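Asks: First to last, the protein sequences are chains H and C. With full-length UniProt numbering, the residue at position 30 of the first sequence is 30, and numbering never jumps. With full-length UniProt numbering, the residue at position 293 of the second sequence is 293, and numbering never jumps. The beta-carbon is built from N, C-alpha and C at its ideal position, and this holds for glycine as well. The structure displayed is predicted, hence computed values, not measured ones.
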Amino acid sequence: MTTLEALVGGILEVGAEHITDDTGPATTGDWTSLRHVRIVAAVEDAYGVRLTPREARTVRSVRALRSVLKAKGLDV
Amino acid sequence: MNQRSTLTRPGGAPRVSGELNRALHSLFSRSERLYFLGEDISDPYGGAFKVSKGLSTAYPDRVIATPLSEGGITGVANGLALCGNQVIVEIMFGDFLALAFDQLLNFTAKSVSMYGQRVPMHLLVRCPVGGNRGYGPTHSQSPQKHFIGIPNLALYELSPFHAVEPLLTSALGSGTPGILFEDKVLYTRRMYRDGRVDEVLRYEMTGGTPGWAHVFPDGRRPDPDVVILAPGGAAQRAVEAARSLYDDRRTAVHVLVPGRLHPLDLDPVLPTLRAAGRVAVVEEGTADGTWGSHVATLLYERLWPDLRHPVLQLSSADSVIPTAPHLEREVLLGPRTIAERVAADGLAPAHPASGPEGTEPLGTSDGETVTAPKLNNNDTEYRVVEWLVADGAWVEPDTEIVALETSKAVEDIVATSAGHLHHVASVGSDVGVGAVLGRLLPAPRETAPAPAPDPMPETGPVPAAAAVASRHPLSRAQLGTAAVVTRSHREVPAAFTVMRVDMERALDRLADLGERTGAAVGPADALVKAVAMAHTDFPLLYGTLADARTVALADAPRVGVTIDAGPALYVPVVRDAEKLPVADVADHLMDLRMKAFRQSFTAAELDGANITVSLNQDPGVVLVQPIVQWPQLCMVSLGAVQRELVLEDSGAARERRWVNLGLAYDHRVVNGSDAVRFLTRLRTSLEDEDALASLTAE
Numbered sequence: 001m002t003t004l005e006a007l008v009g010g011i012l013e014v015g016a017e018h019i020t021d022d023t024g025p026a027t028t029g030d031w032t033s034l035r036h037v038r039i040v041a042a043v044e045d046a047y048g049v050r051l052t053p054r055e056a057r058t059v060r061s062v063r064a065l066r067s068v069l070k071a072k073g074l075d076v
Numbered sequence: 001m002n003q004r005s006t007l008t009r010p011g012g013a014p015r016v017s018g019e020l021n022r023a024l025h026s027l028f029s030r031s032e033r034l035y036f037l038g039e040d041i042s043d044p045y046g047g048a049f050k051v052s053k054g055l056s057t058a059y060p061d062r063v064i065a066t067p068l069s070e071g072g073i074t075g076v077a078n079g080l081a082l083c084g085n086q087v088i089v090e091i092m093f094g095d096f097l098a099l100a101f102d103q104l105l106n107f108t109a110k111s112v113s114m115y116g117q118r119v120p121m122h123l124l125v126r127c128p129v130g131g132n133r134g135y136g137p138t139h140s141q142s143p144q145k146h147f148i149g150i151p152n153l154a155l156y157e158l159s160p161f162h163a164v165e166p167l168l169t170s171a172l173g174s175g176t177p178g179i180l181f182e183d184k185v186l187y188t189r190r191m192y193r194d195g196r197v198d199e200v201l202r203y204e205m206t207g208g209t210p211g212w213a214h215v216f217p218d219g220r221r222p223d224p225d226v227v228i229l230a231p232g233g234a235a236q237r238a239v240e241a242a243r244s245l246y247d248d249r250r251t252a253v254h255v256l257v258p259g260r261l262h263p264l265d266l267d268p269v270l271p272t273l274r275a276a277g278r279v280a281v282v283e284e285g286t287a288d289g290t291w292g293s294h295v296a297t298l299l300y301e302r303l304w305p306d307l308r309h310p311v312l313q314l315s316s317a318d319s320v321i322p323t324a325p326h327l328e329r330e331v332l333l334g335p336r337t338i339a340e341r342v343a344a345d346g347l348a349p350a351h352p353a354s355g356p357e358g359t360e361p362l363g364t365s366d367g368e369t370v371t372a373p374k375l376n377n378n379d380t381e382y383r384v385v386e387w388l389v390a391d392g393a394w395v396e397p398d399t400e401i402v403a404l405e406t407s408k409a410v411e412d413i414v415a416t417s418a419g420h421l422h423h424v425a426s427v428g429s430d431v432g433v434g435a436v437l438g439r440l441l442p443a444p445r446e447t448a449p450a451p452a453p454d455p456m457p458e459t460g461p462v463p464a465a466a467a468v469a470s471r472h473p474l475s476r477a478q479l480g481t482a483a484v485v486t487r488s489h490r491e492v493p494a495a496f497t498v499m500r501v502d503m504e505r506a507l508d509r510l511a512d513l514g515e516r517t518g519a520a521v522g523p524a525d526a527l528v529k530a531v532a533m534a535h536t537d538f539p540l541l542y543g544t545l546a547d548a549r550t551v552a553l554a555d556a557p558r559v560g561v562t563i564d565a566g567p568a569l570y571v572p573v574v575r576d577a578e579k580l581p582v583a584d585v586a587d588h589l590m591d592l593r594m595k596a597f598r599q600s601f602t603a604a605e606l607d608g609a610n611i612t613v614s615l616n617q618d619p620g621v622v623l624v625q626p627i628v629q630w631p632q633l634c635m636v637s638l639g640a641v642q643r644e645l646v647l648e649d650s651g652a653a654r655e656r657r658w659v660n661l662g663l664a665y666d667h668r669v670v671n672g673s674d675a676v677r678f679l680t681r682l683r684t685s686l687e688d689e690d691a692l693a694s695l696t697a698e
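#1: What residue range does the beta strand (DSSP E) around E368 (chain C) cover?
#2: With 8 Å set as the bound, which would you pick, yes or no: does the beta-carbon of Q632 (chain C) sit closer than that to a beta-carbon of chain H?
#3: With C-beta atoms as the reference, is A100 (chain C) less than 8 Å away from V87 (chain C)?
#4: I'd like the ranges of any beta strand (DSSP E) spanning at least 3 consecutive residues and lying wholly in the stretch 251–332 of chain C.
#5: Go through its chain and collect everything with a Cβ distance to E381 (chain C)'s Cβ below 7 Å, but skip five positions before and after it.
#6: Answer yes or no: does any C-beta atom of chain C fall closer than 8 Å to that of L34 (chain H)?
#7: So D502 (chain C) packs on E689 (chain C), CB below 8 Å; how close in whole Å?
#8: Determine the chain C residues that contact G29 (chain H) at a beta-carbon separation under 7 Å, and present them in chain order.
#9: Within 10 angstroms of the Cβ of R652 (chain C), are there 16 or more other Cβ atoms? Answer buried if so, exposed if not.
#10: Throw me the rounded Cβ distance for the V239 (chain C) and L186 (chain C) pair, which I believe falls under 8 Å.
#11: Taking the runs of the alpha helix (DSSP H) that are 4 residues or longer, which of them lie wholly in the stretch 467–527 of chain C?
#12: What in chain H is Cβ-close to G518 (chain C), meaning under 7 Å?
#13: Please confirm whether R66 (chain H) has its beta-carbon closer than 8 Å to some beta-carbon of chain C.
#14: Contact criterion: CB-CB distance below 8 Å. Does D591 (chain C) meet it with respect to chain B?
#15: Can you list, in chain order, the residues of the stretch 592–605 of chain C whose Cβ is nearer than 7 Å to any Cβ on chain H?
#16: Give the residues of chain H in contact with A242 (chain C), contact being defined as C-beta atoms less than 7 Å apart.
#17: If you measure from the beta carbon of A71 (chain H) to each beta carbon in chain C, is any gap under 8 Å?
#18: How about A46 (chain H): is its C-beta nearer than 8 Å to some C-beta of chain C?
#19: How about A6 (chain H): is its C-beta nearer than 8 Å to some C-beta of chain C?
#20: So H162 (chain C) packs on A213 (chain C), CB below 8 Å; how close in whole Å?
#21: With H, G and I counted as helix, E and B as strand and the rest as coil, what does DSSP make of D345 (chain C)?
#22: Mind listing the chain H neighbours of D555 (chain C)? Cutoff is C-beta to C-beta under 7 Å, in chain order.
#23: Kindly indicate which three-state DSSP category H36 (chain H) falls into: helix, strand or coil?
#24: Going along chain H in order, which residues have a C-beta closer than 9 Å to the C-beta of D576 (chain C)?
#25: With a cut-off of 8 Å on the beta carbons, I'd call L347 (chain C) and R302 (chain C) a contact; round off their distance for me.
#26: When you compare the stretch 508–521 of chain C with the stretch 608–623 of chain C, are there three or more beta-carbon pairs, one atom per stretch, that lie closer than 8 Å?
#27: How many Å lie between G46 (chain C) and M92 (chain C) at the Cα?
#28: Going by beta carbon distance, what residues of the same chain come within less than 6 Å of N616 (chain C), once the five residues before and after it are set aside?
#29: What's the gap between the Cα of G277 (chain C) and the Cα of D225 (chain C)?
#30: In angstroms with no decimal places, state the Cα-to-Cα distance between S142 (chain C) and D248 (chain C).
#31: Hey, how far is the Cα of E357 (chain C) from the Cα of I413 (chain C)?
#32: Straight-line CA distance for V641 (chain C) to L647 (chain C)?
#33: Should E5 (chain H) go down as buried or exposed, given a rule of 16 or more other Cβ atoms within 10 Å for buried?
#34: With burial defined as no fewer than 16 other Cβ atoms inside 10 Å of the residue's Cβ, what is the status of E400 (chain C): buried or exposed?
#35: What residues of chain H sit near A586 (chain C), judged by a beta carbon separation below 7 Å?
#36: Is the CB of R63 (chain H) under 8 Å away from at least one CB in chain C?
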């Protein structure tokens with residue numbers, strides 16, 4: 001499976017090696033509101049989960065994404 | 001003394017009023033049991049529109065001027081008719097038919113059938129109707145719609161095409177009582193004669209008496225592109241619209257004019273309607289509950305499989321009829337509006353100005369034509385998405401040769417015979433039902449094929465480019481956006497005001513809220529709520545134009561939000577935002593963004609906004625001037641957060657974050673001062689400490 005970093009990097013159009021747990025709209029201007037939607041949708045599709053609107057608003061970093069996925073029982 | 005000579009131009013076609021007068025004289029000369037009742041109909045006045053001139057002099061015992069009592073006149077006429085006489089009643093203005101409604105509904109019509117056997121009632125009520133004369137609200141109405149569907153009451157309408165005497169003879173002789181509506185503008189017009197309207201348009205009568213007048217361009221295109229059904233005075237305006245559409249677009253508009261509105265005999269004109277598949281119904285009566293909606297229902301019942309487009313119903317505005325001529329013109333349906341609406345709603349395909357030789361001919365000797373079949377009842381056009389067989393290749397019968405995209409699916413079209421396939425329609429073009437897609441030729445063509453007709457009739461002819469590298473067909477979703485913005489630019493004279501908003505406090509407060517709730521809340525969320533909260537104080541800005549002079553106010557704010565999440569631009573609606581905590585508004589917007597990305601909206605989620613917020617917050621966007629999404633009156637625009645250094649009074653420099661907040665507004669309703677007050681209110685909501693506390697209260 002594609003790693004979370006690769007998935008986010010693909011949407012932000014940067015290499016996975018540039019993605020860290022802190023990567024988010026607060027650290028990079030590439031993480032726009034439109035890309036945020038695309039990231040959430042890509043995560044949902046890749047991991048077979050659905051995020052509530054509130055969860056979708058909380059995932060403002062790779063770390064937060066990982067946390068939500070772990071809360072849903074996924075090992076990422 | 002020949003009173004009629006004053007109404008007839010020697011050597012020319014008679015005026016409509018003169019033709020009426022002549023017909024009445026003739027009827028009286030033929031029947032000794034014919035009576036004529038009405039107000040001020042005696043000589044020398046001869047009726048308000050001089051239609052009865054000379055009658056009281058010639059037939060003083062049977063032409064009876066009455067007191068001013070429409071109910072009384074009609075009641076007397078009912079008695080005369082019940083006794084076996086023929087009676088014509090003149091109501092001075094159709095508006096006053098209301099005073100005779102009880103007699104017409106409960107006595108005239110019911111007398112035919114309530115005596116145990118059919119009792120013929122040879123009674124006809126004549127009345128001038130319609131506006132365009134500056135007579136004001138109570139002397140200009142077209143009340144036809146109020147009489148539709150009364151059993152045993154026939155409705156007729158005068159036109160310059162229908163010979164008057166046969167019409168009156170038929171109506172009086174039928175035994176079914178009736179009302180003859182006479183558009184008063186027609187009285188001074190001349191009757192048409194000899195099948196010619198002007199140098200372009202001809203007409204034929206069909207369907208017996210009273211039957212239909214069928215107006216069509218002279219010999220240019222045998223089949224109509226669109227048919228307009230129009231009675232009486234509206235027919236005159238429809239003919240003018242047909243002429244302008246022919247002159248401007250070479251659109252073959254046929255106009256069908258019924259002599260009898262109800263019951264409507266569609267049979268004689270069904271072939272013409274079926275051939276067109278695009279129908280508009282026009283009338284001068286005011287909007288809603290119209291004759292046109294009744295006709296549309298009949299057409300859907302009779303022609304559903306043949307219609308390529310919903311029946312376009314055009315009427316005057318939902319308004320009283322003003323006296324002032326410039327305001328009256330705004331309310332009443334005119335030829336320009338008919339032409340514009342027929343063209344704008346896609347009913348009127350444009351053809352090359354060179355005429356029929358510029359279009360792709362059907363059924364020529366160049367092999368078998370492959371045409372676009374009717375694939376569903378929703379679409380008027382299909383898109384050619386792919387040729388499945390190469391140009392010039394040999395195909396056998398039943399080979400799938402071309403794929404057409406409807407709004408819901410892609411359908412493969414098969415060859416009905418063998419031949420070398422010659423492509424006519426290009427990939428990406430939109431084609432109507434019956435359009436030529438290609439040909440199956442016995443041998444390959446050696447010459448280059450002619451280009452397909454231009455697929456975008458609404459935009460008019462596109463100048464030929466010197467060289468086209470490739471073509472980019474617009475998606476269905478983009479075509480939807482195109483329709484909305486085109487309508488906005490056509491319908492809404494918009495103005496735009498921008499205000500700068502200091503976002504320091506708002507962003508800090510929203511950040512605090514995000515920290516506390518663990519979920520981000522942004523300026524867009526706060527603005528949507530602020531816009532909803534302002535509804536109470538600015539109700540006009542959330543209204544819609546009901547007609548040229550009336551705004552329908554909304555009971556609650558319903559805020560549309562532009563969301564461009566990739567595949568298409570959507571404007572879903574946020575309801576109750578003024579009551580929700582801003583975090584819930586943020587949840588709602590996030591849900592809408594995800595639905596936009598996945599294109600999973602329901603129709604209800606996209607319908608019903610009465611104001612819209614346009615979000616344009618990508619980095620670097622300073623300002624976007626939005627459209628006003630008709631029939632809404634306003635669209636708020638939010639740009640991206642900008643940063644700047646400001647010099648404090650103390651001399652210290654600090655960073656300030658700010659946004660541009662804009663308001664595009666329909667200037668017919670909203671003035672610049674209104675826009676400034678509204679934007680100031682929104683700015684206060686985002687800058688003022690107390691207002692922010694209210695806005696972000698949990």
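Replies: So, to answer that:
#1: As a working mapping, residue 368 (chain C) is identified with position 368 in the second sequence. Element bounds for E368 (chain C): E368 to T371.
#2: Here residue 632 (chain C) refers to the residue found at position 632 of the second sequence. Output row for Q632 (chain C): interface = no.
#3: By 1-based counting over the second sequence, the position of residue 100 (chain C) is 100. By 1-based counting over the second sequence, the position of residue 87 (chain C) is 87. In this structure, V87 (chain C) does not lie closer than 8 Å to A100 (chain C) by Cβ.
#4: 253–258, 260–262, 279–286 and 312–316
#5: Translated into the one-based positions of the second sequence, residue 381 (chain C) becomes position 381. D430, V431 and G432.
#6: If you number the first sequence from 1, residue 34 (chain H) lands on position 34. Output row for L34 (chain H): interface = yes.
#7: As a position in the second sequence, residue 502 (chain C) is number 502, starting the count at 1. As a position in the second sequence, residue 689 (chain C) is number 689, starting the count at 1. At roughly 12 Å, the Cβ-Cβ gap does not stay under 8 Å, so D502 (chain C) and E689 (chain C) are not in contact.
#8: Working through the first sequence from its first residue, we reach residue 29 (chain H) at position 29. Neighbours of G29 (chain H) on chain C, chain order: P619.
#9: On the second sequence, position 652 is the one that residue 652 (chain C) refers to. According to the sequence displayed, residue 652 (chain C) carries Ala and not Arg. Label assigned to A652 (chain C): exposed.
#10: Within the second sequence, residue 239 (chain C) is the residue found at index 239, counting from 1. Within the second sequence, residue 186 (chain C) is the residue found at index 186, counting from 1. Incorrect: roughly 12 Å between the Cβ atoms, too far for contact.
#11: 476–491 and 504–517
#12: Counting from 1 along the second sequence, the entry for residue 518 (chain C) is found at position 518. In chain order: T58.
#13: Taking the first residue of the first sequence as 1, we reach residue 66 (chain H) at position 66. So no, R66 (chain H) is outside the interface.
#14: Reference to chain B is not applicable here, since the protein chains of this structure are H and C.
#15: R593, M594, F597 and R598
#16: Along the second sequence, read from residue 1 onward, the residue named residue 242 (chain C) stands at position 242. Under the 7 Å cutoff, chain H gives no residues; its nearest Cβ is about 48 Å from A242 (chain C).
#17: Taking the first sequence and counting its residues from 1, the one referred to as residue 71 (chain H) is at position 71. It does not: the Cβ of A71 (chain H) has no partner Cβ on chain C nearer than 8 Å.
#18: Translated into positions along the first sequence, residue 46 (chain H) becomes position 46. Output row for A46 (chain H): interface = no.
#19: As a first step, residue 6 (chain H) must be located in the first sequence, where it is residue number 6. No, A6 (chain H) lies away from the interface with chain C (no Cβ there is under 8 Å from its Cβ).
#20: The residue you call residue 162 (chain C) lines up with position 162 of the second sequence. The residue you call residue 213 (chain C) lines up with position 213 of the second sequence. About 7 Å separates the two Cβ atoms, so the contact holds.
#21: The residue you call residue 345 (chain C) lines up with position 345 of the second sequence. In this structure, D345 (chain C) counts as coil in the three-state DSSP scheme.
#22: One-based indexing of the second sequence puts residue 555 (chain C) at position 555. Residues of chain H passing the Cβ test: none, with the nearest at roughly 27 Å.
#23: Translated into positions along the first sequence, residue 36 (chain H) becomes position 36. Of the three classes helix, strand and coil, the one that applies to H36 (chain H) here is helix, per DSSP.
#24: Translated into positions along the second sequence, residue 576 (chain C) becomes position 576. Within chain H, no residue comes near D576 (chain C); the closest Cβ sits about 15 Å away, beyond 9 Å.
#25: The sequence position of residue 347 (chain C) within the second sequence is 347, counting from 1. The sequence position of residue 302 (chain C) within the second sequence is 302, counting from 1. L347 (chain C) to R302 (chain C), Cβ: 18 Å. No contact.
#26: no
#27: Stepping through the second sequence from its first residue, residue 46 (chain C) is reached at position 46. Stepping through the second sequence from its first residue, residue 92 (chain C) is reached at position 92. Those two C-alpha atoms are separated by around 11 Å.
#28: Stepping through the second sequence from its first residue, residue 616 (chain C) is reached at position 616. Within the same chain, N616 (chain C) has close Cβ partners V624 and G639.
#29: Your numbering for residue 277 (chain C) matches position 277 in the second sequence. Your numbering for residue 225 (chain C) matches position 225 in the second sequence. Rounded to whole angstroms, G277 (chain C) to D225 (chain C) spans 8 Å at the Cα level.
#30: The residue labelled residue 142 (chain C) in the question sits at position 142 within the second sequence. The residue labelled residue 248 (chain C) in the question sits at position 248 within the second sequence. Going by the C-alpha atoms only, they are around 31 Å apart.
#31: Locating residue 357 (chain C) in the second sequence gives position 357, counting from the first residue. Locating residue 413 (chain C) in the second sequence gives position 413, counting from the first residue. For E357 (chain C), the pLDDT reaches just 34, beneath the cut-off of 50, and the residue's location in the model is therefore unreliable, leaving the point undetermined.
#32: Against the second sequence, residue 641 (chain C) aligns to sequence position 641. Against the second sequence, residue 647 (chain C) aligns to sequence position 647. Taking the straight line from one Cα to the other gives about 19 Å.
#33: Locating residue 5 (chain H) in the first sequence gives position 5, where the first residue counts as 1. With 16 or more other Cβ atoms within 10 Å, it is buried.
#34: Here residue 400 (chain C) corresponds to residue number 400 of the second sequence, with the count starting at 1. Exposed is the call here.
#35: Mapped onto the second sequence, residue 586 (chain C) falls at position 586. What A586 (chain C) touches in chain H: R57.
#36: Along the first sequence, one-based indexing puts residue 63 (chain H) at 63. No, R63 (chain H) does not count as interfacial toward chain C.
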